Amino acid sequence: MKLRHLIPALAILSVSVPALRAADIYAIARESYNTGATNRYQFGNFDIDNPDTSGGSGNYVYTFNPLVPKNPTAMQSMTFNTTNSTMYLIYDFSQYRSIDTAGTLSGDLGATESVGYGMSFDDSGVLYGTDMSNMLNLNASTGATLSSSPISPGFVYSSFGGNMAWQGGNYYFADEFGHKLVTIGTNGLVTTIGAFTGTGYDNTKAHVLFLHLNQMYMLNGLNLFTVDLSNGALSKLGSITGVEGDNPSQGFSGATSLTPVPEPSTYALGAIGAGVLAWLGRRRGRRSA
22 MKLRHLIPAL AILSVSVPAL RAADIYAIAR ESYNTGATNR YQFGNFDIDN
72 PDTSGGSGNY VYTFNPLVPK NPTAMQSMTF NTTNSTMYLI YDFSQYRSID
122 TAGTLSGDLG ATESVGYGMS FDDSGVLYGT DMSNMLNLNA STGATLSSSP
172 ISPGFVYSSF GGNMAWQGGN YYFADEFGHK LVTIGTNGLV TTIGAFTGTG
222 YDNTKAHVLF LHLNQMYMLN GLNLFTVDLS NGALSKLGSI TGVEGDNPSQ
272 GFSGATSLTP VPEPSTYALG AIGAGVLAWL GRRRGRRSA
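Position in the sequence shown (from 1) plus 21 gives the number in the working numbering.
Structure below.
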């Protein structure tokens, strides 16, 4: 290939860099215990990468931004399917629905058993969810149960939902009964990773797990932690502000990232292209001198 043919291709490599964007976490704030309240659930988001850091490490402040009017109907256990770039949740305890980034809900996509404790897609779009006693394989399009395995030993517990997240071949679950991190196999087998420990952790508050850029996080009430998947240890990042209600310390019933794993990047390829272009430019300059 002649040099004049190679340069345009390298130029493409050198500028093929993905645009940066805010790292929004979409979440459902649960604002009231009162089952008769009209404003119980609030869909919104917060930017996990750009908190107010003025309070110092462990005291960062993340602002929750409501995106739609409050909803009296239960919404919980959000999850993101990377294979079709769609968020899903459980609505009114048994309806499987999609929701977009503006907060627009689909209609009921099909009957589902209650998996309000948590549900999560794996990297290939396979969906599992759980209640107290069963691990269920769900149809990714309709939410219908394809198979079910009893949880053993014992059971798992969730206050509001959103306690399950997939990472690296495992379904992790924040068990609020034992105050511990566990994995749940597709056969229902529960394996304890370790008790939750860390400054600021409150075992009386709701637990919500979500994965962002291969890091596991947990919302505990209105506090945000990173989770060590080897032992359950928690490191407090800060707290969420902007959640209203008669008892805002209750927390969340679901959260998900649109980038649970890093997106493919061409930064390195672009740098290589730019470097080769510079080298070729110097060679051409010497030849013409």
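The C-beta atom is built at its ideal place from N, Cα and C for all residues, glycine as well.
Here the structure is a predicted model, which is why all the values come from computation and not from measurement.
The shortest C-alpha to C-alpha distance from Gln63 to any of Asn80, Ala123, Thr280, Asn208 is the one to Ala123. Contact annotation: Gly209 and Ile172 have beta-carbon atoms nearer than 8 Å.
In this structure, Val264 keeps its C-beta atom at 8 Å or more from the C-beta atom of Val211. Asn235 and Leu250 have their alpha carbons spaced roughly 11 Å apart. Taken in chain order, the whole beta strand (DSSP E) runs of length 3 or more contained in the segment 63 to 103 are 81 to 84, 96 to 102. Bridge pairing for His233: Gln236 [DSSP]. Around the Cβ of Asp196, a 10 Å sphere holds 16 or more other Cβ atoms; the residue is buried. Relative to Glu284, the option among Gly189, Ile49, Thr103 whose CA is nearest is Thr103. According to the DSSP secondary-structure assignment, Met153 is paired through a beta bridge with no residue. Per the coordinates, the alpha-carbon of Ser256 lies some 31 Å from the alpha-carbon of Leu157.
By DSSP's assignment, Ala44 forms no beta bridge with any residue. Sixteen is the threshold: when 16 or more other Cβ atoms of the shown chains lie within 10 Å of the Cβ of Leu230, as they do, the residue is buried. Taking C-beta atoms under 8 Å as the contact rule, Val147 and Leu202 fail to qualify, at a distance of about 22 Å. Between Phe181 and Arg51, the C-beta spacing is below 8 Å. Distance from the CA atom of Asn105 to the CA atom of Ser119, rounded to whole angstroms, is 11 Å. For the beta strand (DSSP E) assignment, the uninterrupted runs of no fewer than 3 residues enclosed by the segment 205 to 266 are, from N- to C-terminal side, 211 to 216, 228 to 233, 236 to 241, 244 to 248, 255 to 262.
As DSSP reads the structure, Ser53 sits in no beta bridge. Contact annotation, Leu232 with Ser169: C-beta distance approximately 24 Å; criterion of less than 8 Å not satisfied. If you draw a straight line from the Cα of Met237 to the Cα of Leu167, it is about 28 Å long. Of the candidates Ile214, Thr207, Ala186, Thr94, Ala186 places its Cα closest to the Cα of Pro281. Under DSSP, no beta-bridge partner is assigned to Tyr138.
Taking 8 Å as the cut-off, the Cβ atoms of Tyr222 and Thr204 do not count as close. Scanning its chain for C-beta atoms nearer than 7 Å, with the 5 sequence neighbours on each side dropped, one finds around Gly139 the residues Ser98, Gly150, Thr151, Ser179, Gly182, Gly183, Asn184, Met185, Phe194, in chain order.
In summary, Val136 is buried, with 16 or more beta-carbon neighbours lying within 10 Å of its beta-carbon over all protein chains present. Per DSSP, Phe273 is one residue of the beta strand (DSSP E) stretching across 273 to 278. Per the DSSP secondary-structure output, Val203 pairs in a beta bridge with Phe194, Thr213. With fewer than 16 other Cβ atoms inside 10 Å of its own Cβ, Thr225 counts as exposed. DSSP, reduced to helix, strand and coil, places Tyr117 within a strand of the structure shown. The beta carbon of Thr74 sits closer than 7 Å to those of Tyr81, all from its chain and outside the five residues before and after it, given in chain order. In this structure Gly242 is buried. Its beta-carbon is surrounded by 16 or more other beta-carbon atoms within 10 angstroms.
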